[in-house]
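Chemist: Below is one structure. I have some questions about it.
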Amino acid sequence: MKVAAIIVAAGRGHRAGGGLPKQWRPLAGRTSAQHALQVFADHPGIHRLILVLHPDDVQQDVWPGTPAADVVTGGATRSASVRAGLEVLEGACDQVLIHDAARPCVTAKIIDGVLAALKTAPAAAPAVPVVDTLWRGDAGQVSDIVDRKALYRAQTPQGFHVDAILAAHRAFPKGGSDDVALARQAGLKIVITDGSEDNLKITVPEDFGRAERILRERHGHQTG
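Quick look at the structure:
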């Protein structure tokens with residue numbers, strides 16, 4: 014099996030602040046995108062890297078220093094950007110892992126779990142169980158308690174057989190909240206694998222500090 018990884022780095026990430034798109038802001042000596050790419054580049058099960066960039070970034074000096082990857086121009090939505098990467102892989106790879114560049118703390122162990130599940134399933138994705146009590150609110154007051162049993166917080170990389178997920182994207186061009194959502198629309202069964210609380214997605218400014226701490230502790234402060 015030949016496996017590719019698509020790193021989606023075409024978003025703008027305005028909620029994270031800081032001017033630059035969040036995937037290109039400094040983080041523990043590199044950028045979020047560089048940290049994420051390096052993990053996949055170092056993994057022995059990954060044979061090809063696809064980096065999907067916003068059109069404004071393709072010719073910019075924001076991504077040098079990343080591991081060698083094929084650069085693809087993204088679309089107007091995340092789904093369109095993923096599909097652009099998938100189209101490059103048609104007939105070239107058997108399986109693909111799709112990962113957000115804004116998740117810099119992904120680990121080889123998380124990747125291992127997804128790859129292991131793909132040996133017997135058409136799709137797999139990491140997640141962590143919801144452990145907090147969940148409320149439903151109305152007019153600023155608690156209106157109900159939501160049963161958290163069987164609830165998970167989705168993460169990436171989400172893994173698929175290339176032909177299956179590309180067919181799903183083509184069948185549902187309007188996209189979905191993520192690639193698992195599209196896979197479900199296409200009738201694919203998705204195995205849940207072990208995620209990690211550390212595999213956070215940078216969304217708001219406070220997330221940079223947490224990600225920085227995780228990366229520096231993991232690499233013994235040698236992240237430059």
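Residues in the sequence shown are numbered from 14 upward in steps of one, following the numbering used here.
Every residue gets a Cβ at the ideal spot worked out from N, C-alpha and C, and that includes glycine.
According to DSSP, simplified to helix, strand and coil, what is VAL109?
Modeler: Residue state, collapsed to three classes: strand.
Chemist: When DSSP labels each residue in this structure, what does PHE185 get in the three-state scheme?
Modeler: Looking at PHE185 - three-state DSSP - the assignment turns out to be coil, as it is neither helix nor strand.
Chemist: Excluding sequence positions up to five away, which residues of its chain have a Cβ less than 8 Å from the Cβ of GLU219?
Modeler: For GLU219, where only same-chain residues beyond five positions count, there are no Cβ hits under 8 Å.
Chemist: With a threshold of 7 Å (Cβ to nearest heavy atom), would ALA46 be considered close to the ligand SAH?
Modeler: Ligands are entirely absent from the displayed structure, and the ligand SAH is therefore not among its contents.
Chemist: Within 10 Å of its beta-carbon, does ARG96 have 16 or more other beta-carbons around it, so buried, or fewer, so exposed?
Modeler: With 16 or more other Cβ atoms within 10 Å, it is buried.
Chemist: Buried or exposed: where does ARG116 fall if 16 or more other Cβ atoms within 10 Å of its Cβ makes it buried?
Modeler: Flag for ARG116 reads buried.
Chemist: Please look up how many angstroms separate the CB atoms of THR120 and VAL21, rounded, as I've assumed it's under 8 Å.
Modeler: Contact doesn't hold; Cβ gap of about 18 Å is too wide.
Chemist: Using a Cβ-Cβ cut-off of 7 Å (strictly less than) and excluding sequence neighbours within five positions of THR236, which residues of its own chain qualify?
Modeler: Unreliable placement is indicated for THR236, whose pLDDT of 48 sits below 50; no coordinate value is reported for it.
Chemist: Using DSSP with H/G/I as helix, E/B as strand and the rest coil, what is GLY222?
Modeler: Residue state, collapsed to three classes: helix.
Chemist: Got a sec: is the Cβ-Cβ distance from LYS214 to anything in chain B below 8 Å?
Modeler: Protein chains in the displayed structure number just one, and chain B is not present.
Chemist: Using the rule of at least 16 other Cβ atoms within 10 Å of the residue's Cβ for burial, across every protein chain shown, is LYS162 buried or exposed?
Modeler: Classification for LYS162: exposed.
Chemist: Kindly indicate which residue of HIS182, VAL109, ASP113 has the alpha-carbon position closest to the one of LEU66.
Modeler: Comparing Cα positions, the closest option is ASP113.
Chemist: Might you give, ordered along the chain, the residues of its own chain that have their beta carbon closer than 6 Å to the beta carbon of ARG231, omitting 5 neighbours on each side?
Modeler: Here the set comprises nothing.
Chemist: For GLY98, name the three-state secondary structure that DSSP assigns.
Modeler: Looking at GLY98 - three-state DSSP - the assignment turns out to be helix.
Chemist: Would you tell me roughly how many angstroms separate the C-alpha atoms of ARG61 and SER94, rounded to the nearest one?
Modeler: Their backbone Cα atoms lie some 17 Å apart in a straight line.
Chemist: Could you give the residue range of the alpha helix (DSSP H) that holds SER45?
Modeler: Segment 45-55, the alpha helix (DSSP H) holding SER45.
Chemist: Using the beta-carbon count (16 or more within 10 Å), is ARG149 buried or exposed?
Modeler: ARG149 is exposed by the Cβ-count criterion.
Chemist: Quick one, which of VAL193, GLU103, ALA199, LEU213 has its alpha-carbon nearest ILE205's?
Modeler: Selected option, being the one with the closest Cα: VAL193.
Chemist: Tell me the rounded alpha-carbon separation between LYS122 and LEU50.
Modeler: Their Cα atoms are separated by approximately 15 Å.
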